[in-house]
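Okay, structure first, notes after.
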Amino acid sequence: MIELSGITFIASYNCNAHCRHCFFDTSAAYSYMSPEIIERVYEDRSVLKKMFWNHISGGEVMLEPDSLYDIIRKIRTHFSGDIGISTNGFWANSPEIAERRIQELKDAGVSGIAVSSDTFHDEFIPCQNVANVVHALSQSGLTRHSYIMSTVCNNDVLHAQGYNLLSEKLAQKVTGDYPIPFAKPAIRSIGKGSLLNLPKKKIFSKHVACTELSECLGKRGPFNPAMVYVDVYGNIMICYGIIIGNIFKTPFAQIISNFSVNQHKLISNLARSPHSIYALAQKHKSGIPNKFYDVCDMCYLSRKSLREIYPKVLGPAECYP
């Protein structure tokens, strides 16, 4: 059983940007989350017992602002904790537009906004748009749970110094004197990040455990996560691309209460170590790489090669660009 402190809703996998470090295929067939998914998640209020935050992410959540507001309002009918969203700020073409949109989000029930600003987003989104968002956040007083997402490369990644220096300059430029904090997550080796995290090094020991699955707001271990992802298709995931159920087939509360590492061969293998997934991929498929950037990379590329064999667990396709 999972005791949730939070849920991240993936409102859409689509995005107007196609960043080189993104987890997803953002140009796949278009879809946006229905409020019905929120209703199905909260039809059994027992899942709210220890939950204190929800987050809405993508893709880009502001591709359909009215639909986003509907989702936020639907969450608010069930949930009184903090609600955050992530956005790249493309919509803030002027200070006036930014202020109007931020006020609409605040009125709908948003507690905070994470806006992206780094070298990868800068290829698609004018930094002035992000600066407009930061200014509007400060004007609205919506700063307690707002921050700038400035993704960085680990120091040993090829060209890391250049990427990170530009990201730092951009983030400082869009922030100015406003009291919006920075978050600097490192690029994970999943999705397109696997291509960016170079050089590939070695096969990692079978004794190295997975340490990155859904450990937001609490280090309870990768297979007792503090959060899950709920996507636009109703999939419940413990990591991007690892499905433990679907709310259109099984009630959300039942998926959460029945979760076990033994519910599927892939998950039990991963619970032992990511190397077990690699060994399974070697058994089933030819041409598996023999060098990886890190353990996450080994797990992701192995899972990607196994998708055709385990489509109910390894999906959706957007998580394996």
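The sequence shown begins at 17 in this note's numbering and counts up one residue at a time. Don't be surprised by glycine CBs; every beta carbon is placed ideally from N, CA and C. Note that the structure is a prediction, hence the values are computed from the model and not measured.
**Strand pairing of M165, partner residues [DSSP]** = Mapped onto the sequence shown, residue 165 falls at position 149. Per DSSP, S132 and A199.
**Message:** Threshold first: 4 residues or longer. Then list the alpha helix (DSSP H) segments lying entirely within the region 221 to 291, N to C.
**Reply:** Counting only runs of 4 or more, we get 268 to 274 and 281 to 288.
**Message:** Would the region 292 to 299 count as touching the region 265 to 274 if we require 3 or more Cβ pairs under 8 Å?
**Reply:** Because the criterion of three Cβ pairs below 8 Å is not met, the region 292 to 299 and the region 265 to 274 do not touch.
**Asked** Based on the DSSP secondary-structure assignment, which residues constitute the bridge partners of H71?
**Response** Indexing the sequence shown from 1 puts residue 71 at position 55. Answer is T24 and G100, bridged to H71.
**As assigned by DSSP and simplified to three states, the class of L330** = Translated into positions along the sequence shown, residue 330 becomes position 314. It is a strand residue.
**Message:** Which of the three DSSP states is assigned to K216 in this structure?
**Reply:** By one-based count along the sequence shown, residue 216 stands at place 200. Coil, per DSSP.
**Message:** Do V329 and Y29 count as a contact pair if the criterion is CB distance below 9 Å?
**Reply:** Here residue 29 corresponds to residue number 13 of the sequence shown, with the count starting at 1. Here residue 329 corresponds to residue number 313 of the sequence shown, with the count starting at 1. No, Cβ-Cβ distance for Y29 and V329 is not below 9 Å.
**Asked** What do you get for V149, buried or exposed, if any count of 16 or more other CB atoms within 10 angstroms of its CB means buried?
**Response** Position 133 of the sequence shown, counting from 1, holds the residue named residue 149. Under this definition V149 is a buried residue.
**Integer Cβ distance of R160 from A124, believed to fall under 8 Å** = On the sequence shown, position 144 is the one that residue 160 refers to. On the sequence shown, position 108 is the one that residue 124 refers to. At roughly 17 Å, the Cβ-Cβ gap does not stay under 8 Å, so R160 and A124 are not in contact.
**Message:** Judging by CA-CA distance, which residue of D310, P337 and F308 is the nearest neighbour of D320?
**Reply:** Here residue 320 refers to the residue found at position 304 when the sequence shown is read from its first residue. Note that residue 320 is Lys in the sequence shown, not Asp. Answer by Cα proximity: P337.
**Prompt:** DSSP beta-bridge partners for F308?
**Reply:** In the sequence shown, counting from the first residue as 1, residue 308 sits at position 292. Paired residue(s): K218.
**Item:** Among L153, E139, P201 and T135, nearest to H175 - alpha-carbon criterion
**Value:** Position 159 of the sequence shown, counted from the first residue, corresponds to residue 175. The shortest Cα separation from H175 among L153, E139, P201 and T135 belongs to T135.
**Request:** Could you tell me the distance, in whole angstroms, from the CA atom of T167 to the CA atom of P305?
**Result:** By 1-based counting over the sequence shown, the position of residue 167 is 151. By 1-based counting over the sequence shown, the position of residue 305 is 289. If you take the alpha carbons of T167 and P305, they lie about 26 Å apart.
**Prompt:** Just how far apart, CA to CA, sit C35 and H137?
**Reply:** The count along the sequence shown starts at 1 and reaches residue 35 at position 19. The count along the sequence shown starts at 1 and reaches residue 137 at position 121. C-alpha separation (whole angstroms): 6 Å.
**Message:** Can you look up I87 in the DSSP assignment and give me helix, strand or coil?
**Reply:** Locating residue 87 in the sequence shown gives position 71, counting from the first residue. I87: helix per DSSP, three-state reduction.
**Item:** Status (buried if at least 16 other CB within 10 Å, exposed otherwise) for A297
**Value:** Position 281 of the sequence shown holds residue 297. When all chains shown are included, A297 counts as buried.
**Message:** Taking the alpha helix (DSSP H) that G178 belongs to, which residues open and close that run?
**Reply:** In the sequence shown, counting from the first residue as 1, residue 178 sits at position 162. Segment A176 to T191, the alpha helix (DSSP H) holding G178.
**Request:** Within its chain, find whatever has a CB closer than 8 Å to the CB of S284; leave out the 5 residues flanking it on each side and keep chain order.
**Result:** Position 268 of the sequence shown, counted from the first residue, corresponds to residue 284. Here the set comprises V277 and N278.
**Prompt:** With burial defined as no fewer than 16 other Cβ atoms inside 10 Å of the residue's Cβ, what is the status of S96: buried or exposed?
**Reply:** Here residue 96 refers to the residue found at position 80 when the sequence shown is read from its first residue. By the neighbour-count definition (other C-beta atoms within 10 Å, threshold 16), S96 is an exposed residue.
**Asked** Which of helix, strand or coil does DSSP assign to D60?
**Response** Indexing the sequence shown from 1 puts residue 60 at position 44. In the structure shown, D60 sits in coil (DSSP, three-state: anything other than H, G, I, E or B).
**Item:** Enclosing alpha helix (DSSP H) for C38 [first to last residue]
**Value:** Start at 1 with the first residue of the sequence shown, and residue 38 comes out as number 22. Premise fails: C38 is in no alpha helix (DSSP H) and is neither H nor E.
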